[in-house]
Ligand SMILES: NC(=O)c1ccc[n+]([C@@H]2O[C@H](COP(=O)([O-])OP(=O)(O)OC[C@H]3O[C@@H](n4cnc5c(N)ncnc54)[C@H](O)[C@@H]3O)[C@@H](O)[C@H]2O)c1
């Protein structure tokens, strides 16, 4: 078995004095593929990075506090739907991969990539605890000459103001003199077959030329293109701008959808026509609300930081307001559609098709479907779900009461008063659904192009 589950010290604490390493030494190790790369946080971002560095010939060490993930990897299993078990088996067969829960494994690494979560707190402020705890845990094991690169999405200033002080305090070493620090935002788009990790250009920022050079070299050895920028804060800001851009544009089309619906104009048809303009227009699509671990959350990292500079972020606030109103809009449209059939929402049985936040993934974090279920049920409806990617609801911070609910077979759609398409997964036979359901409320335009359905169809 090539994966070693290391939960105890593999060897006595490293005497860091005996492992001095200059920038040149690490550059050489990177260029020779002799560097060992540690990845902390083996989730949607971290695991693809492990696979990529391993595929490019590096020794890789994976670290996660979740012992179940380590065990799954050890067994050759994948816990992320779009990563196949055969990729984990191949990883294990390299003989150059090990994984464990103990932060002391960092001592074995030349470069360490931090891919831990950055959610919002209940008060919608940046939750830095994962980054802080990781820094505290690995700090004592950092040694001279190592490169530490933060990949978690966060506000400008996090690397310099949060990460570096903890690492310095815990290690007793001086950042960017004795060890190197960089920030490189992750742009992973889970299950995007066109843009895999290696094809997505990687922005890298650091606060010294040496750290930037090292991080650039490291990432250049695994991705097609690296985009160096002048500071860690610039790289942090770059990632936020990308996600704010999406958040604001999605809010705009969501608002336009509601306006055009009143006017009897189909927003989807409008977007299809508008996107034929070969310049100056980029299509964004409306939906039942924002979902996922990034777009609903990351913009508010900037809002929070901007307050320190007495600056409002009105676009972000407005976009947040519109996007979070969308589930309420869908509920109203469903009520209207049921009303047209002489039914009340209260007492109706509803099937929500698609629990994941976007099509063809198994990730339900921040999914608007969760909010829809809550809203429908608080109005007296029964709200079940179908999602072939999520057989049973996992634990969510915001909706703990939904834990354990199970996906209903799609064949039962005809037993419900209405089917609400909240995620347009590709494995659904929408024509069959259209002939089975009594009423369809389509928030994704999934029924477009489906001919001769017998259901009542309401676009929402
Ligand atoms: N998922 C995406 O599509 C995506 C895309 C771009 C950026 N990001 C950003 O990347 C970061 C990671 O996101 P993710 O989706 O991979 O999260 P995830 O929840 O899938 O994975 C995070 C992993 O970190 C582990 N972890 C938490 N605390 C730890 C600690 N102290 N030490 C070791 N492991 C720890 C968790 O157990 C989990 O396995 C976030 O900042 C996110 O915003 C995510």
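Residue numbers (the numbering used here): 69 to 528.
For each residue, glycine too, the CB sits at the ideal point set by N, CA and C.
beta-carbon residue i near ligand 1 non-hydrogen atom, thresh 7 Å
i           : result
residue 205 : yes
residue 221 : yes
residue 131 : yes
residue 201 : yes
residue 477 : no
residue 427 : no
residue 235 : no
residue 110 : yes
residue 361 : yes
residue 198 : yes
residue 139 : no
residue 408 : no
residue 465 : no
residue 186 : yes
residue 114 : yes
residue 238 : no
residue 134 : yes
residue 526 : no
residue 177 : no
residue 258 : yes
residue 192 : no
residue 434 : no
residue 254 : yes
Alpha helix (DSSP H) segment containing residue i, residue limits
i           : result
residue 112 : Per DSSP, residue 112 belongs to no alpha helix (DSSP H) and is neither H nor E.
residue 436 : 436-446
residue 305 : 300-331
residue 498 : 498-504
residue 97  : 91-99
residue 286 : 277-288
residue 487 : Unbroken run through residue 487 is the beta strand (DSSP E), 486-489; no alpha helix (DSSP H).
Counted within 10 angstroms of its Cβ, other Cβ atoms place residue i as buried (16 or more) or exposed
i           : result
residue 191 : exposed
residue 80  : Model confidence at residue 80 stands at a pLDDT of 37, short of 50, so the residue's coordinates are unreliable; what they give is reported in the following sentence. Answer is exposed; the Cβ neighbour count stays below 16.
residue 343 : exposed
residue 396 : exposed
residue 160 : buried
residue 331 : exposed
residue 263 : exposed
residue 401 : buried
residue 309 : exposed
residue 174 : buried
residue 509 : buried
residue 136 : exposed
residue 513 : buried
residue 277 : exposed
residue 349 : exposed
residue 287 : buried
residue 242 : exposed
residue 214 : buried
residue 86  : Residue placement at residue 86 is flagged as unreliable, the pLDDT there being 42, under the threshold of 50; the coordinate-derived value follows with that caveat. Result: exposed.
residue 172 : buried
residue 113 : buried
Bounding residues of the beta strand (DSSP E) (the contiguous stretch that carries residue i)
i           : result
residue 453 : 450-454
residue 126 : That residue, residue 126, is in no beta strand (DSSP E); it is neither H nor E in DSSP.
residue 527 : 524-527
residue 296 : 294-297
residue 474 : Neither: residue 474 is in no beta strand (DSSP E) and is coded neither H nor E.
residue 342 : First-last for residue 342: 335-342, but that is the alpha helix (DSSP H), not the beta strand (DSSP E).
residue 249 : 248-251
residue 242 : Run containing residue 242: none; DSSP gives neither H nor E here.
residue 520 : Residue 520 -> no beta strand (DSSP E), and no H or E assigned at all.
residue 507 : 507-510
residue 272 : 270-274
heavy atom of ligand 2 below 7 Å from residue i C-beta
i           : result
residue 315 : This structure lacks ligand 2; its bound ligands are ligand 1.
Closer than 8 Å to chain D by CB, residue i
i           : result
residue 502 : This model lacks chain D altogether, as it is built from one protein chain only.
Any alpha helix (DSSP H) of 4 or more consecutive residues that is wholly inside the region 352-378:
Segments of the alpha helix (DSSP H) lying fully in the region 352-378: 366-375.
Run through the region 133-215 for me and flag every whole alpha helix (DSSP H) of 4 or more residues, listed as ranges in chain order.
List check, alpha helix (DSSP H) in window: 135-142, 153-161, 197-206.
Please list the segments of the alpha helix (DSSP H) lying wholly inside the region 377-437, counting only runs of 4 or more residues, in order along the chain.
Within the region 377-437, the complete alpha helix (DSSP H) runs of at least 4 residues are 382-408.
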